[in-house]
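**Q**
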Amino acid sequence: MQARSWRFGLTTFLCIGVAGYALWAYGGGVQRVPVHPDMAAVFDDHRVLITVHAVGASLALLLGPFQFLDRLRARAPRLHRWLGYAYLLLGVGVGGTAGVLLSPYSFGGLVSHLGFGLLGCLWLLTGLMAVVAAKRRRFEEHRLWMLRNFALALAAVTLRFYLPASVISGLPFENVYPAIAWLCWVPNLIFVEWFLKKSTSAA
Numbered sequence: 168m169q170a171r172s173w174r175f176g177l178t179t180f181l182c183i184g185v186a187g188y189a190l191w192a193y194g195g196g197v198q199r200v201p202v203h204p205d206m207a208a209v210f211d212d213h214r215v216l217i218t219v220h221a222v223g224a225s226l227a228l229l230l231g232p233f234q235f236l237d238r239l240r241a242r243a244p245r246l247h248r249w250l251g252y253a254y255l256l257l258g259v260g261v262g263g264t265a266g267v268l269l270s271p272y273s274f275g276g277l278v279s280h281l282g283f284g285l286l287g288c289l290w291l292l293t294g295l296m297a298v299v300a301a302k303r304r305r306f307e308e309h310r311l312w313m314l315r316n317f318a319l320a321l322a323a324v325t326l327r328f329y330l331p332a333s334v335i336s337g338l339p340f341e342n343v344y345p346a347i348a349w350l351c352w353v354p355n356l357i358f359v360e361w362f363l364k365k366s367t368s369a370a
């Protein structure tokens with residue numbers, strides 16, 4: 168991903184916007200947006216865990232785009248490495264673990280629990296695989312795992328598109344939200360796998 172690319176600019180803009188919203192809405196331990204009463208009850212019962220998840224995931228969104236800048240890797244490899252540690256350990260590690268712990272309490276029943284729980288587990292797993300590849304100096308493999316990991320991080324962004332769409336649709340929120348628990352990340356992962364396969368074929 169290059170700094171000149173409109174995709175980088177759009178992705179960064181969306182990540183900053185969603186991270187800022189999450190920190191404002193949940194990061195201070197105070198829920199500032201109206202939600203379904205059942206979701207509000209979960210927030211009250213798990214205020215600290217939700218705050219930790221919001222802060223960790225927001226950090227991942229803020230740092231993630233810059234890890235794919237070729238210029239940064241080439242000119243400041245040490246900075247790239249330390250930003251990567253912060254992204255994977257503080258962002259993915261903290262945010263993902265909190266997300267997995269919260270998944271059994273997510274709104275929408277078992278389907279939502281499984282959707283968000285699997286998202287959190289895969290986010291942690293792909294992050295771990297990225298670290299292992301980097302430690303073994305398999306940098307191309309590391310890049311591929313990071314792309315998968317960031318595609319999962321972007322679930323926070325796609326989720327924010329599905330939520331207003333569900334309201335506009337007029338469908339009962341309790342029926343739509345379990346589907347959103349999967350739609351916010353499964354298409355992201357499918358797309359990045361298609362992109363990687365296409366890139367490999369072209370090479």
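Here the sequence shown is numbered in this note's numbering, starting from 168 and rising by one per residue. Don't be surprised by glycine CBs; every beta carbon is placed ideally from N, CA and C.
For ALA243, which three-state DSSP category applies?
**A** It is coil, neither helix nor strand.
**Q** For SER119, count the other beta carbons within 10 Å of its own beta carbon; 16 or more makes it buried, fewer makes it exposed. Which is it?
**A** Past the boundaries of the shown model lies residue 119; the chain is included only from 168 to 370, so the question cannot be answered.
**Q** Measuring alpha carbon to alpha carbon, tell me which of LEU314, ARG303, ALA265 ends up nearest ALA224.
**A** Considering only alpha carbons, the answer is ALA265.
**Q** Distance cutoff 8 Å, beta carbons only. Does ALA348 sit that close to anything in chain C?
**A** No chain C is present in this structure, which holds just one protein chain.
**Q** Could you check which residue in GLY194, PRO201, PRO232, PHE175 has the C-alpha nearest to that of VAL222?
**A** If we check each option's Cα against that of VAL222, GLY194 comes out closest.
**Q** From this set, VAL267, TYR329, MET313, which residue's C-alpha is nearest PRO345's C-alpha?
**A** The shortest Cα separation from PRO345 among VAL267, TYR329, MET313 belongs to TYR329.
**Q** Could you tell me whether the Cβ atoms of VAL259 and ASN342 are closer together than 8 Å?
**A** In this structure, ASN342 does not lie closer than 8 Å to VAL259 by Cβ.
**Q** On the criterion of 16 or more Cβ atoms from any shown chain inside 10 Å, does PRO354 qualify as buried, or is it exposed?
**A** The residue is exposed, with fewer than 16 neighbouring Cβ atoms inside 10 Å.
**Q** I need the straight-line Cα distance from VAL299 to ALA207, nearest angstrom please.
**A** Cα-Cα distance, rounded: 38 Å.
**Q** Which parts of the stretch 287-342 are runs of the beta strand (DSSP E), unbroken and 3 residues or longer, counting only runs that do not cross its ends?
**A** Runs found: none.
**Q** What number of angstroms, rounded off, separates the C-alpha of ALA170 from the C-alpha of GLY231?
**A** In this prediction, ALA170 scores a pLDDT of 44, lower than 50, which makes its location untrustworthy; the coordinate-derived value is nonetheless stated afterwards. When rounded, the distance between both Cα atoms is 13 Å.
**Q** May I ask which residues mark the beginning and end of the alpha helix (DSSP H) holding TYR188?
**A** Taken as a continuous stretch (DSSP letters only), the alpha helix (DSSP H) holding TYR188 covers 173-189.
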